[in-house]
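Protein chains in written order, with the numbering used here: chain A, 3 to 342; chain B, 26 to 577.
Backbone N, C-alpha and C define an ideal beta-carbon position, used for all residues, glycine too.
Just below is one structure, and these are the notes that go with it.
Laid out in structure tokens, this is it:
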């Protein structure tokens, strides 16, 4: 199978994967006690009003009928539905929240790769010193610390003393201001630059530091280990010995010959980590009040808003599918030995 | 000659003095300059100082952080959550309203009213200078149209006027005639007409369907909606066509936070000017001790908190068990430990303190301190003892009410177990699960809270104790005498009504299907320069009274 066929094959599998996932989420949400209208209960709203609202959402129909209606709506009408209480299209929320998650995921990946690659290379370069031990302990510790705990520690230990913002994506005044500016893509950094508002861009950068650090540190351990193992493996190969024999400096050998060897596993790991990042983003976003998809799905679950949870999961699944496809294609481009 | 010589002398002396003036010494020049500068500086400073005294520079925008959210829409016919209703209260008003600080019901869009001798027909004269946001004058027709819209659309809170009004008509442009379903008591009627569902909306621009986010309706109030990004922020701006006093701050931004911890961090680092609803009492204690922010406390009734028993389930179908529990609860300990003795008051009736007819019936019946002996006696009579203890599950939900809920549940467990006969197992669930367990009657003893729909004692007795209105709470309490008294009190003159309410409270204290625990006060945490925070019994947080001097 050529690369083109492989891509088409993978694309054809995506709807099937979505179907399985949506079925799972559909069932799980209905197994949980309560429904979206439960949020209105606990006040003396007349029973007939509650029943009518349930009927408006189709919750009075048998489960299989609700399921088929939902699939028809998603796959045929390409409509993710409306939220239960506000009746706002789920697409509106996803469009508003997706850029925040994308930004956070990219920033966290940069942090994770920065820390991971640096620590991995240093471990391989100073293999005989204490550093690899330290890096190993670091990797295990950061991967096992709960994200919300790490976030809280950074909020209290770093943000407060250094005056960094602790919550949200922008100062509230800038949020309102940015939305009133003419150019709108949804990506705060881009919008603020396109509208010539460097102050808003700077505000955004100070806001993203802590969430990106939290999520980035959380997955940096994996990158540290992968880089270290790949580089150190390369360092005992014949071609690196030959390089050394030719008098090439050790740093150059490590970065030029060793690190290259780590690129493929790093790429694989970065692709695999997208799912972990999105999972971690739910906790990071809730800790930092970062209005992304993670916070949206968290609120959706608490409110039992089926449409929000199902819609967000669909988008998550699409992101993971697309990223893994991109990684596959990137393999072929980076490493000529890879064939499909 | 002499005359000429005098003239010459004068001219000479003048020239001399002029010459000396033309060439002043440097010292004199510097002194004059310094003096002039000093005079100018002092004058300017005094002027500016006085000016700043008269008109200090005010902030044009204030940011309020909250953990509340707008649960459904900002359409007055549908909104039924605290924040949504509060925002509507700042964008609109009804015929009657609650006066800030005193929380007295006063005329608002109404100018005067008369009540027919049978008490069933009200004729209300409305003000003629009020306009909607687009400049359309308010008329009696608009008032009637708005009420009909609420009743026709029949959304969640429609019953507030739907159960009150039989028919309404515009007699003239400035007079509304209201036919009531029964000759209800005067304050009761006014409190219902003061609810947001009865706010006039502009018939020219309001559709006959619920307006969904990010929209709202044109009402008569100090603010109008600026912008709204659901789940993130909402902006209110001054309504230039409002007939009343202008808001003290032109723009208000309400920023939504996910939890108390994020809100605390935001107010501490100055991201928001005011944090209102809801920080945990422990956070407020810390903030008070640090002294960098101001903490404003006010009386509160939102929510009142209580314990419910399902009377269809054992062992709570036995009145002695319920009474024993009522004897054991120490409300003061909860208020002092969890609410620092400051942010809540012990509650001995479902009708809160500060309300017409409130009576401390539970205090009179069971005392204000736990009576372990009395409780043990009842429990032993009911067939329990140390070797055969009464085992109960006490349920609570950790997010919906105060963040201190688990601590409160732990205290209650300790208080009940002090009897030596009761063994309590604490259980918790998120609201959706909790509410489902209640509805499916899988739990028998749980904690709840009540936010009033309107500020009248009826809203604190009918939904809990009237057998035709308390199905939602799953208590299964039905006492024909109480039902009848509840029906009667809304029709009685005030003095007689107070007596009836007292009687109802005494009976339900003895039956104890529900045990009132405490009523929560309100508290706002704000930056030191913020002024105008008024927290009173009306529970309305009036944004239009807030202001802050600009710093620096």
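So the candidates are A:240, A:270 and A:202; which of them puts its Cα closest to the Cα of residue 228 of chain A? A:270
Within 7 Å (strictly less), CB to CB, does residue 330 of chain B reach chain A? no
Taking 6 Å as the line, does the beta carbon of residue 433 of chain B fall inside it for any heavy atom of the ligand PLP? Because no ligand of any kind appears in the structure shown, any question about the ligand PLP cannot be addressed here.
Looking at chain B, is there any beta carbon in it that lies within less than 7 Å of the beta carbon of residue 178 of chain A? yes
Would you mind telling me which residues of chain A sit closer than 7 Å to residue 181 of chain B, beta carbon to beta carbon, in chain order? 42, 47 and 51
Could you tell me if residue 497 of chain B is buried or exposed, where buried requires 16 or more neighbouring beta carbons within 10 angstroms of its beta carbon? buried
Residue 518 of chain B burial status per 10 Å Cβ neighbour count (16 or more: buried): exposed
Along the chain, which unbroken stretches of the alpha helix (DSSP H) at least 4 residues long are found entirely within the stretch 264-309 of chain A? 295-305
Residues in the same chain with beta-carbon distance under 6 Å from residue 141 of chain A, minus the five sequence neighbours each way, listed in chain order, please. 223, 226 and 227
Could you give the DSSP three-state label for residue 196 of chain B: helix, strand or coil? strand
Coil, strand or helix - residue 128 of chain B by DSSP: coil
Between which two residues does the alpha helix (DSSP H) holding residue 174 of chain A run? 174-182
Strictly by DSSP, which residues pair up with residue 263 of chain B? B:248
Within the 7 Å Cβ cut-off, does residue 291 of chain A reach chain B? yes
How is residue 70 of chain B classed by DSSP in three states: helix, strand or coil? Because residue 70 of chain B sits at a pLDDT of 48, beneath the cut-off of 50, its placement in the model cannot be relied upon, and the point is left open.
Looking at C-alpha atoms only, which residue of B:414, B:435, B:411 and B:500 is the closest neighbour of residue 421 of chain B? B:435
Beta-carbon of residue 168 of chain A versus every beta-carbon of chain B: anything under 7 Å? yes
With a threshold of 7 Å between beta carbons, is residue 7 of chain A in contact with chain B? no
For residue 295 of chain B, which residues of its own chain have a beta-carbon under 6 Å away from its beta-carbon, when the five flanking residues on both sides are left out? none
Distance, Cα to Cα, residue 416 of chain B vs residue 328 of chain B? 29 Å
Can you tell which of B:96, B:335 and B:154 has the C-alpha that lies nearest to the C-alpha of residue 471 of chain B? B:335
Quick check: the stretch 85-95 of chain B against the stretch 263-283 of chain B, are there 3 or more CB pairs under 8 Å? yes
Three-state secondary structure (DSSP) at residue 155 of chain B? coil
Can you list, in chain order, the residues of its chain whose CB lies under 6 Å from that of residue 158 of chain B, leaving out five sequence neighbours each side? 243, 249, 264 and 266
In or out: residue 151 of chain A buried (at least 16 other Cβ within 10 Å) or exposed? exposed
If we call anything under 7 Å between Cβ atoms a contact, is residue 547 of chain B one with residue 560 of chain B? yes
By how many angstroms is the C-alpha of residue 213 of chain A removed from the C-alpha of residue 202 of chain A? 18 Å
By DSSP, does residue 14 of chain A sit in helix, in strand, or in coil? helix
List the residues of chain B that residue 157 of chain A touches, going by C-beta distances under 7 Å, in chain order. 290
So, helix, strand or coil for residue 212 of chain B, using DSSP? helix
Terminal residues of the beta strand (DSSP E) in which residue 452 of chain B lies: 447-453
Strictly under 7 Å for the Cβ-Cβ distance: is residue 89 of chain A near chain B by that measure? yes
Verify the CB distance criterion: does residue 82 of chain B have a CB-CB separation below 7 Å to chain A? no
Looking at residue 228 of chain B and residue 170 of chain B, is the spacing between their C-beta atoms short of 7 Å? yes
Below 8 Å, can you find three or more Cβ-Cβ pairs linking the stretch 374-387 of chain B to the stretch 400-415 of chain B? no
With a 10 Å radius around its C-beta and 16 neighbouring C-beta atoms as the bar for buried, classify residue 172 of chain B as buried or exposed. buried
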